[in-house]
Each structure stands twice: as C-alpha cells, then as structure tokens.
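To keep things clear, I will list the structure first and then write my remarks on it.
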Amino acid sequence: MARPKDDAATARRISDAVYAVLARGGPQSLTVRAVAREAGCSTGLLMHTFSDKRSMLLNARRLEQERAAFLLARVDDAGSDVATLLRETLLVLVAPGRPAAGSRPGQGADDDARVRLGFLAAALDDDVLRAEQRSAHRELVARVRALVERRRPDLSRHDVAATTLALVSLVEGLSALSTADPELYTPEAREAAVDRALAAHGLSTPAGGTAAGTAEAETTRRGASATVTLWDPVRDARAVGDLLRGYHRQTEREKGAEPGDPLPDAYRAEVEHPAAALATSEVLVARDAADRAIGLVVLRHAGEVPSVSRLWVDPDRRGLGAGRRLLDAARERAADGGAEALELTVWEWRTGPIDLYTRCGFERVGREPDRPRLVRMRAALAPR
C-alpha cells in the first residue's frame, strides 16, 4: 500500500502536470492522455486524482490563485505605504515576466497569465467554472478597491468603484495580451503602463518623496493599520460569525465544493453560534481604525502544546498587516500562558500563509497521518 508521503508526491506531480499542459496549450489541450504523459503516470492514476476535465481546470486555477496569494502576502508584509502597496499589487497581477516566489520547477509568472486566460476561456460555457472565475476576480477587485479608497479618501464611492475597475481591467488586459504578443507587451512596457495609469488617477507615490508627501503617506498608513484585541463574545458574535463564514467557505471552495453548497455541520455551528463553539478557546480579533472587526485567529489550549487555527482577514480589508499582527498576538498570548511552543496546521497548497508562518518563526514538523496534504508547523516560544 502506498504511503501517505508517496500519495502526496504523486498528487503534486499530477497537479503540476495539469498546470503545465494548460499553460502550454490552453484548455483544448487538457486531455487525460496529455496530462498523464506530462506526469509520467497511467491514465487510471490520473482519473483517480481528477475525475474530469473540469476538476483539472479548477485545480490549475486554484494553484495560480495560491501563487498570487503568496506574492501578495509578501507585499503586505513589507509594511509599505498605501501607494506602494497598490502599485506592487497591480504588478503582481500584471506578472511582468519574472519567476514568482513559491514557483514550482518550470512555472513562472507568464505561465500564470496563460492559465488565467485558459481558465477564462473554458468558463464561458460552464456555470461552475464561471462561478469560480467570478469569485476569484471579485476578491481581486475588493483588494484593489480597498487600496484605492485608502490612497484617495477624497473620492466618492462612485469614483472609487470606477477607478478600481479601470485599474483591474488594465492589468487583466495587459496580462492576457502579453500571452499572444510578448514582443509588444514586454515586462517593461507593462510596468510602464501601470505607472502611467496610477499617475493619471492620482494614485502614484509622490515623485522624489517630498517631506509633505511622505508624512501624508505615513499618517495614512498608521491611521489605517490594524489593532488586535481579545474578542467580546456578545459584542463581536455577529462579526466573528461573518469572518468564520468567509474562512470556511474559502476552505471548502479550495477543497472542491461547488458554489452554494452548505457548510458542514461543525463549521455551520461555529458561524451561527461562535460563543458556544469556541467557548474553550481564545479568539483574537483584528480591528481597523473605525473599530470594525476585519480578521481573527483562534488560539486553542487542548493538548500539551497550544495551537492556532482559523487565521483569516476579510479580503476587502487586506493590506493593513492584520494577518501578521494576529499571528504575533497569538504567540504572545501563548507565551504569557507559559507555553514553550505553538503549533498550527495548514493545507500544503496555501503557499502564501505558509510563507507568512515561516517568516514568523514556524517550521514544518510533519503532516497529519490521516490527511497527508495537511502540513504541521511549530514555533518555539520564550515563556514569560
């Protein structure tokens, strides 16, 4: 019988093969024979991993999203001013011809552009793929809109929305067109187009970094940063329930659930009755400058080593460093309680969060025996 580690390696190899075939030849080339040949496996083994072409397309799209999330997490963690955050976000999406951090062998930013375009073409006549495309695209729109709103608080809601769509349409168009004409849409040309658009909309970083401009940007960044507090089970019940709903729906979608599928009973209990479901855990909530709950993390004390779970930030409010602050706060709470270590588990495809955890001092220590794609990580603490 194959060991869990072997099963995980095989699934990774087949997943990479799906990605490579789609990037190279588009959705019409994504056949069982082509992917099996690329992966060096039998068609039977391939069909055991992916039941049909739709599941292969969904897997490739989610891989691309995870790689983008990895890069965006690095952008967020840099702690830059809002103008730089917006520019770097758009450049990640334009994929200016450089290999992306977290890439697997043979994968690069231009492959991501081809995968996105191929998936969009396949989604035109498939309701499930179209729902996936719409969900992923609206997450991007929400992120850019939040950054535009922070950079230009003087704009009306209508102007923020119009500017957001103008920027997103530009980068999506540049990305798609570069797959067919890379000589015209060079990385330099794409980057210059983004900079020109930001300047035209009054969103670029002040040239020369004048004292007034720098002070204004720093004030904006500080005012928009997130703070973390222990939750109030009464006051925060609804907000925490909404955040947990977002977390669980994203997780189920990544695991292949169809849009609109109900959440499993255990997850629904957390969403509807968080105070009861999390009564034995500590819930830390991130709040923005307006005191709105925008993220959370759950600190559990069952077992010898405390663990964190449910780390989630509202997609509309990312870019404030809330994820890092939540994780740091959980570590401090655990250390204050005398713990010498803190653990967590994360799905192996979530490369963005894994990168964040690694930079926060967590190391891989194994996998869950019954779920080999679930990575266990641990960080040493200095008890206080």
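To convert, take the position in the sequence shown, counting from 1, and add 9; that gives the working numbering.
Positions of the beta carbon are idealized from the N, C-alpha and C atoms, including for glycine.
Values in this document were obtained by computation on a predicted structure and should not be read as measured data.
For residue 352, no alpha helix (DSSP H) segment is defined; the enclosing uninterrupted segment is the beta strand (DSSP E) at 350-356. Partner residues in the beta bridge of residue 304, as assigned by DSSP, are 295 and 322. In this model, residue 53 and residue 252 are separated by some 40 angstroms (Cα to Cα). In the structure shown, the three-state DSSP call for residue 272 is coil. Taking the Cβ atoms as the reference, residue 350 lies roughly 6 angstroms from residue 390, within the contact range of under 8 angstroms.
The continuous beta strand (DSSP E) containing residue 388 extends over residues 380-389. Under DSSP, residue 127 takes part in no beta bridge, so it has no partner. At a Cβ-Cβ threshold of 8 angstroms, residue 27 and residue 56 do not count as neighbours.
Within the DSSP secondary-structure output, residue 317 pairs in a beta bridge with 308 and 353. For residue 180, the uninterrupted alpha helix (DSSP H) run begins and ends at 166-189, by DSSP. Out of 342, 314, 93 and 280, the CA that lies nearest to the CA of residue 237 is found in 342. By the neighbour-count definition (other C-beta atoms within 10 Å, threshold 16), residue 60 is an exposed residue.
DSSP, read as helix, strand or coil, puts residue 53 in helix.
Residues of the same chain with a CB within less than 6 angstroms of the CB of residue 35, apart from the 5 flanking positions on each side, are 127 in chain order. In the DSSP assignment, the residues bridged to residue 376 are 384.
Around the beta carbon of residue 285, a 10 Å sphere encloses fewer than 16 other beta carbons of the protein chains shown; the residue is thus reported as exposed. Contact between residue 246 and residue 283 holds, since their C-beta atoms are separated by about 6 angstroms, short of 8 angstroms. A direct Cα-to-Cα measurement between residue 173 and residue 335 gives close to 28 angstroms. Counting only the Cα atoms, residue 327 lies some 24 angstroms from residue 287. Residues of the same chain with a CB within less than 8 angstroms of the CB of residue 154, apart from the 5 flanking positions on each side, are 169, 170, 173 and 325 in chain order.
Secondary-structure assignment with DSSP links residue 237 through a beta bridge to 295.
Sixteen is the threshold: when 16 or more other Cβ atoms of the shown chains lie within 10 Å of the Cβ of residue 188, as they do, the residue is buried.
For the pair residue 146 and residue 347, the Cα-to-Cα distance works out to about 43 angstroms.
If the five residues before and after residue 120 are omitted, its C-beta is found closer than 6 angstroms to the C-beta atoms of 32, all from its own chain and listed in chain order. The C-beta of residue 124 has 16 or more other C-beta atoms within 10 Å across all chains shown, which makes the residue buried. Spatial neighbours of residue 148 in its own chain (CB-CB distance under 6 angstroms, excluding positions within 5 residues in sequence) are listed in chain order as 324.
Going by C-alpha positions, residue 18 is about 16 angstroms away from residue 72. As DSSP reads the structure, residue 290 sits in a beta bridge with 309. For residue 255, there are no CB contacts under 6 angstroms within the same chain when 5 residues up- and downstream are skipped. Secondary structure note for residue 251: its alpha helix (DSSP H) is the uninterrupted segment 246-263. Under the three-state reduction of DSSP output, residue 360 falls in the helix class.
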